[in-house]
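Counting along the sequence shown from 1, when you hit position 187 you're at 187 in the UniProt record's numbering, and nothing is skipped either side. Each residue gets a CB set at the ideal place from its N, CA and C atoms; glycine is no exception.
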Amino acid sequence: MPSLTVPQIPHYISPPVTKETLEYAELAVIDLSKADDAHGRAAMALQASEAMRTHGFFYVVNHGYTPEQTARMFDIADVPFSGVSSEEKHTYTARMKDTGSYQGYKPRQYWHINNGVHDQLEHYNINRDVTKREHPEAIRPLLGEIEAFARHTHFNVLHPVLRLLALGLELPEDALVDLHGFSSVGETYVRFMKYYPRTQDEELKTKNVWLKGHTDFGTITVLYSQSVAALQILGRDGTWKWIKHMENALVINAGDALEFLSGGYYKATIHRVVQPPVDQQNHTRLGLFYFCMTDDAIRLAPLSESPVLQRAGIIRRVEDVDAPTMEAWRKGRTSAYGQSALKATYEGTEEELINGVVVKHYN
Ligand SMILES: O=C(O)CCC(=O)C(=O)O
Ligand SMILES: [Fe+2]
């Protein structure tokens with residue numbers, strides 16, 4: 001008989017929230033419990049669409065996990081870092097540059113940030129089909145819970161959000177859902193991520209940037225809100241604003257693939273991670289994410305049948321016939337990220353060319 005109790009693992013204690021006064025982005029809060037009926041969805045669709053067009057970020061509340069379920073997932077999120085030896089981490093390291101896939105560990109110091117300084121963060125990535133790869137011993141008893149978490153986020157968060165965004169384009173409400181099958185071939189995955197405090201020298205040489213300004217390459221990223229302030233988004237006014245922690249809320253942002261599919265209507269948001277405020281600087285920072293992509297085979301060309309896009313005008317980064325598939329785009333971006341030589345531009349950003357499309361990086 002299967003055990004009725006979940007495996008015992010250490011409880012992860014979240015650092016206290018900051019008392020500093022920070023300039024926070026004012027983001028919309030989408031109450032997913034209101035999206036159960038068509039009337040509610042129509043109202044929510046306007047709100048979500050507006051949020052994606054302005055900040056490209058919004059919060060989701062009432063997504064169906066209790067605070068205790070979320071807390072349990074943060075306990076699980078810490079296991080790949082605190083519960084696995086460095087030898088075993090090495091064994092399960094992702095071969096990012098060769099395979100263009102993050103599955104496995106991204107070791108600390110793999111990416112170059114600035115002035116010879118490398119990152120101090122590690123992550124462990126698991127495809128929603130948790131059986132696709134082998135996992136470290138400490139993670140194996142937790143795979144059932146990790147898969148249930150992937151399913152929850154896929155069906156109770158990703159799909160409802162995609163319905164709102166499709167309605168915002170006046171498309172049939174499953175137009176985007178149909179591109180994101182749970183069982184299709186594709187990379188949509190769970191990420192556990194841990195940031196470690198850095199030396200003063202590293203902080204100085206990188207101007208406190210821990211993860212450079214970037215857009216995510218998928219359609220939507222679901223970030224389970226956590227207490228250490230460090231994430232910032234670049235506003236339309238050109239200033240960075242902090243993302244405020246909201247208990248048991250999710251932070252949703254748009255990535256490149258959604259920008260391509262919507263012909264620039266929904267913008268991939270530029271965001272970065274910086275050193276936390278002074279009262280949180282001695283803590284590690286644990287992240288829990290679900291990175292969403294369309295099925296691998298989908299060509300990332302604008303959904304030009306959308307009446308909204310027809311009215312608003314479609315921005316193409318490449319001709320439709322040359323549009324990369326989700327597979328080509330994610331592999332190109334993953335292989336190059338933090339490894340390729342970037343070209344400085346006169347605007348002060350840095351650039352690289354992936355699949356014929358210019359990708360910008362920000363400090
Ligand atoms: O740690 C965070 O809050 C954001 C991380 C991030 O932007 C990423 O992994 O793409
Ligand atoms: Fe990101």
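Checklist entry - Near Q280, which residues of its chain fall below 7 Å by C-beta distance, leaving aside the five closest residues on each side in sequence? => result For the purposes of this step, residue 280 is taken as residue 280 along the sequence shown, with counting starting at 1. P15, T18, V228 and A229, listed in sequence order.
Checklist entry - Hey, is the region 285 to 293 in contact with the region 71 to 79, meaning 3+ C-beta pairs nearer than 8 Å? => result yes
Next on the checklist: Report the CB separation of E350 from V358 in whole angstroms; it is logged as a contact under 8 Å.
Outcome noted: Counting from 1 along the sequence shown, the entry for residue 350 is found at position 350. Counting from 1 along the sequence shown, the entry for residue 358 is found at position 358. Rounded, the Cβ-Cβ distance is 11 Å, inconsistent with contact.
Item to check | Spatial distance of D31 from Y224 (CA atoms) | outcome: Position 31 of the sequence shown, counting from 1, holds the residue named residue 31. Position 224 of the sequence shown, counting from 1, holds the residue named residue 224. So the two alpha carbons sit approximately 15 Å from each other.
Item to check | I76 - containing beta strand (DSSP E), residue span | outcome: Walking along the sequence shown from the start, residue 76 turns up at place 76. No beta strand (DSSP E) contains I76, which is instead part of the alpha helix (DSSP H) from P67 to S82.
Checklist entry - Hey, is the region 96 to 113 in contact with the region 123 to 133, meaning 3+ C-beta pairs nearer than 8 Å? => result yes
Checklist entry - Thinking C-alpha only, which one of H214, H135 and R140 is nearest V6? => result As a first step, residue 6 must be located in the sequence shown, where it is residue number 6. Of H214, H135 and R140, the residue nearest in Cα terms is R140.
Next on the checklist: Buried or exposed, going by whether 16 or more other CB atoms sit within 10 Å of the CB of R330?
Outcome noted: Here residue 330 is taken as the residue at index 330 of the sequence shown, counted from 1. By the neighbour-count rule (16 or more Cβ atoms within 10 Å), R330 is buried.
Item to check | Integer Cβ distance of D119 from L211, believed to fall under 8 Å | outcome: The residue you call residue 119 lines up with position 119 of the sequence shown. The residue you call residue 211 lines up with position 211 of the sequence shown. The pair is a contact, with the Cβ atoms about 7 Å apart (cut-off 8 Å).
Next on the checklist: Considering only heavy atoms of ligand 2 and the C-beta of each residue, which residues fall inside 7 Å, strictly closer?
Outcome noted: H214, D216, T221 and H271
Checklist entry - Exposed or buried, what is G213 when buried is set at 16 or more other beta-carbons lying within 10 Å of its beta-carbon? => result Residue 213 sits at position 213 when you count from the first residue of the sequence shown. Buried is the call here.
Item to check | Straight-line gap, H39 to H245 (C-alpha atoms, nearest Å) | outcome: If you number the sequence shown from 1, residue 39 lands on position 39. If you number the sequence shown from 1, residue 245 lands on position 245. Each residue's alpha carbon lies about 30 Å from the other.
Item to check | DSSP bridge partner residues for D31 (one or two, in chain order) | outcome: The sequence position of residue 31 within the sequence shown is 31, counting from 1. Per DSSP, V61.
Next on the checklist: Could you compute how far the alpha carbon of K34 sits from the alpha carbon of R163?
Outcome noted: Position 34 of the sequence shown, counted from the first residue, corresponds to residue 34. Position 163 of the sequence shown, counted from the first residue, corresponds to residue 163. When rounded, the distance between both Cα atoms is 13 Å.
Checklist entry - Do the region 317 to 326 and the region 294 to 308 meet, that is, are 3 or more Cβ pairs less than 8 Å apart? => result yes
Next on the checklist: So, with DSSP's three-state summary, where would you put A175?
Outcome noted: Taking the sequence shown and counting its residues from 1, one reaches residue 175 at position 175. The answer is coil: DSSP assigns A175 none of H, G, I, E or B.
Checklist entry - Hey, T199 and G255: beta-carbon distance below 8 Å or not? => result Locating residue 199 in the sequence shown gives position 199, counting from the first residue. Locating residue 255 in the sequence shown gives position 255, counting from the first residue. For T199 and G255, no; Cβs fall outside 8 Å.
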